[in-house]
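Novice: Quick one: the structure is below, questions incoming.
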């Protein structure tokens, strides 16, 4: 049996938590994997030392996942070509804005003929032209036939602390046993399904729903109302999948961790909910709240609401998604936050 | 068109909130309903006056739903036979322990030949012999062919305050338009489905899941873990339905308000979650916590966990429902609360 050689492309908070899982699992299944896992780390200086040197010396990523020990077979490599050399499995876990550049860089590198890839990238590329899943973007740019996706109720720090959770992988049937071995642990329980598109749609669209849930919280509407908004949001997520991806997206996907569980987590904690709550309470603009509450970082849910609105507008289908529409109208068109219940 | 005459059987907190909805809706649809709705009120003395007299004089139920105005066409009647006389629609909204007696009393009363009934009763009758849905219990005792059921994420006080929520009715197709008119309002949005069994199963089994969620909260496990427990609980609820009610119980039911929305509400607030959280934190017994936290009232979720365990044990199927089993073992057999993640 030829062993897989795994490379993790990315090393932020989530990439580091995943590196810990993958590093340990390749040792657990020595027959299936090479023991060394290389992790491509974007080089930075941290306290006068190169981040890769710190990681390889201390087996900790003090910048993105402080306090969590990483397995010593996880080797930080600053050069993308070196990190991915001879790899047969690429785990993409990058901020979405870097995907294209990294893929273009990788397309210049001699990758293994049999390389497989999985996307842990959050979000979607969506505009009036269409929806692009990052798994498909990677497949296209690297010339791969199919790329898997992983998503779930997986707040990175909780995963790193080995708090029990679940996650969903959507992949081709041939790759199921390998990905299960690579990611499943007693504290990170993986379900593998066929629907890579649904997995990724859930991970992006949930953030719009979280904005709706946050508005409801900000208005003090109570738990019945919030549960109704979350439920209707889940139904619009499902409808979106069926409408634009057909039978590829399956009903059962929404019962998986990537669906209902991630939605629950996102709508109970999370920045999208929190900032939207403040939006309804204070009447301040999202830009202003991003400055004061997020140190200027962009809120994902409101951005996705806008992109989805442009996509639906171009197809004259806005009215078929009343929750998505209402979130957009409240955030961008000055509609009253109370529309979150009167207009859905 | 013959108009329906509606009687509400029960007048507690939830019965009063529902009485408000139904009283208003019969006036909204005057072609479909007689304008008077009689409500059977178990007679009590409240501040030296009969409760029915207070309700009919003040249009408020000060004991069970203080501060909420009731429509004046909702008439409190202390005598069951008088309350139900000529009624063609009976809305059962009683504590479950009174169902049998009330049905037996009603079986002595001349009911309309065409009487229809809907159960808003929470819970199930479940023991080693089998599962009895209250809708079916009512049907059997009153000699009716089919009885509908309503359940959802409907905390009574929030409904009474007209906070937006949704609810699910499971009924025969013939009765769908009538029940929709009777219950749907702009703030209480009703979806009507065919699956009366699933609606009721969700309303009972969710409480076991809420115990699991409360244990996780008490152990400080965070939101990934709780979302995983809620999701697995939903899957066991669905599996229970399919296993013991076959194709009567439909997957989609679990996406309705009675399913996922009610489960979210119950696992985020609610006494089952709260007492179980304290159980995990303090190590005190459930009996002791019932005394100190619930004024001696019984916790529903732990009781249902026990009844479901007896039912499954008698069928040698305990291991097929690991979450239900684990909740039982933690509460009744001294297993560590941490089993809520290690054993499911």
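Residue numbers (the working numbering), protein chains in the order written: chain A, 1 to 344; chain B, 345 to 688. Ideal Cβ positions, reconstructed from N, Cα and C, are used throughout, including at glycine.
Can you tell me which of B:540, B:416, B:361 puts its alpha carbon nearest to the alpha carbon of residue 502 (chain B)?
Specialist: Measuring C-alpha to C-alpha distances from residue 502 (chain B) to each of B:540, B:416, B:361 identifies B:361 as the nearest.
Novice: The alpha helix (DSSP H) that contains residue 13 (chain A), what's its start and end?
Specialist: For residue 13 (chain A), the enclosing alpha helix (DSSP H) begins and ends at 13–28.
Novice: Could you check which residue in A:337, A:344, A:113 has the C-alpha nearest to that of residue 325 (chain A)?
Specialist: A:344
Novice: Check for me: the alpha helix (DSSP H) holding residue 241 (chain A) runs from which residue to which?
Specialist: 222–245
Novice: Assuming residue 223 (chain A) and residue 613 (chain B) form a contact by the criterion Cβ under 8 Å, report the distance between their Cβ atoms to the nearest whole angstrom.
Specialist: Cβ-Cβ separation between residue 223 (chain A) and residue 613 (chain B): approximately 5 Å, consistent with a contact (criterion under 8 Å).
Novice: When DSSP builds the beta bridges, which residues end up paired with residue 256 (chain A)?
Specialist: Bridge partners of residue 256 (chain A): none, in fact.
Novice: Counting beta carbon pairs with one atom in the region 379–395 of chain B and one in the region 518–536 of chain B, are three or more of them shorter than 8 Å?
Specialist: Segments in contact, no.
Novice: So which residues of chain A does residue 593 (chain B) contact, with C-beta pairs closer than 8 Å?
Specialist: Contact annotation for residue 593 (chain B) against chain A: no contact, minimum CB-CB distance about 14 Å [criterion: below 8 Å].
Novice: Per DSSP, which residues does residue 33 (chain A) bridge with? Please list them.
Specialist: Beta-bridge analysis with DSSP links residue 33 (chain A) to A:4.
Novice: DSSP three-state label for residue 632 (chain B), please.
Specialist: Here residue 632 (chain B) sits in helix by DSSP.
Novice: Which value, in whole angstroms, describes the spacing of the CA atoms of residue 87 (chain A) and residue 81 (chain A)?
Specialist: 10 Å
Novice: Which one of A:99, A:12, A:109 has the shortest CA to CA distance from residue 76 (chain A)?
Specialist: A:12
Novice: If you check the beta carbons only, do residue 272 (chain A) and residue 210 (chain A) fall under 9 Å apart?
Specialist: yes
Novice: What is the DSSP secondary structure of residue 515 (chain B), counted as helix, strand or coil?
Specialist: coil
Novice: From this set, A:169, A:244, A:62, which residue's C-alpha is nearest residue 47 (chain A)'s C-alpha?
Specialist: A:62
Novice: Whose C-beta lies closer than 8 Å to the C-beta of residue 99 (chain A) among residues of the same chain, with five residues either side of it excluded?
Specialist: 92, 121, 134, 137, 138.
Novice: Let me know the secondary structure DSSP gives residue 338 (chain A) once reduced to three states.
Specialist: coil
Novice: Once the 5 residues before and after residue 684 (chain B) are set aside, which same chain residues still bring their CB inside 7 Å of it?
Specialist: 556, 559, 560, 573, 670, 674
Novice: Going by DSSP, what residue range makes up the beta strand (DSSP E) through residue 42 (chain A)?
Specialist: From DSSP, residue 42 (chain A) is part of no beta strand (DSSP E); its letter is neither H nor E.
Novice: Could you work out which residue in B:351, B:470, B:681, B:467 is closest to residue 621 (chain B) when comparing CA atoms only?
Specialist: B:681
Novice: Is DSSP giving residue 443 (chain B) helix, strand or coil here?
Specialist: helix
Novice: Please list, in chain order, the residues of the region 226–254 of chain A that have any C-beta partner in chain B closer than 9 Å.
Specialist: 226, 227, 228, 229, 230, 231, 232, 234, 235, 238, 251, 252, 254
Novice: Listed in chain order, which residues of the region 9–26 of chain A have Cβ atoms closer than 9 Å to some Cβ of chain B?
Specialist: none
Novice: If you count every other CB in all the chains shown that lies within 10 Å of the CB of residue 632 (chain B), and 16 or more means buried, which is it?
Specialist: exposed
Novice: If we define contact as Cβ-Cβ less than 9 Å, is residue 509 (chain B) a contact residue for chain A?
Specialist: For residue 509 (chain B), the closest Cβ of chain A is nearer than 9 Å.
Novice: Return the residue from the list A:64, A:168, A:118 that minimises the CA-CA distance to residue 152 (chain A).
Specialist: A:168
Novice: Please check if any C-beta of chain A sits within less than 9 Å of the C-beta of residue 621 (chain B).
Specialist: no
Novice: If distances are taken between C-alpha atoms only, which option among A:293, A:304, A:342 comes closest to residue 332 (chain A)?
Specialist: A:304
Novice: Need the endpoints of the alpha helix (DSSP H) that residue 527 (chain B) sits in, please.
Specialist: 520–527
Novice: From the beta carbon of residue 336 (chain A), is the nearest beta carbon of chain B less than 9 Å away?
Specialist: no
Novice: At the 9 Å Cβ level, is residue 375 (chain B) part of the contact set with chain A, yes or no?
Specialist: no
Novice: By the three-class DSSP mapping on this structure, what secondary structure does residue 74 (chain A) have?
Specialist: Strand at residue 74 (chain A).
Novice: Measure the C-alpha to C-alpha separation of residue 629 (chain B) and residue 623 (chain B) and round it to an integer number of angstroms.
Specialist: 7 Å
Novice: Which residue or residues does DSSP assign as beta-bridge partners of residue 460 (chain B)?
Specialist: B:433
Novice: Among residues of its own chain, excluding the 5 on either side of residue 180 (chain A), which ones have a beta-carbon nearer than 8 Å to its beta-carbon?
Specialist: If you ignore the 5 residues before and after residue 180 (chain A), its C-beta comes within less than 8 Å of the C-beta of 169, 190, 192, all in its own chain and listed in chain order.
Novice: Can you give the beta carbon distance from residue 539 (chain B) to residue 597 (chain B), rounded, assuming they're within the 8 Å contact cut?
Specialist: 5 Å
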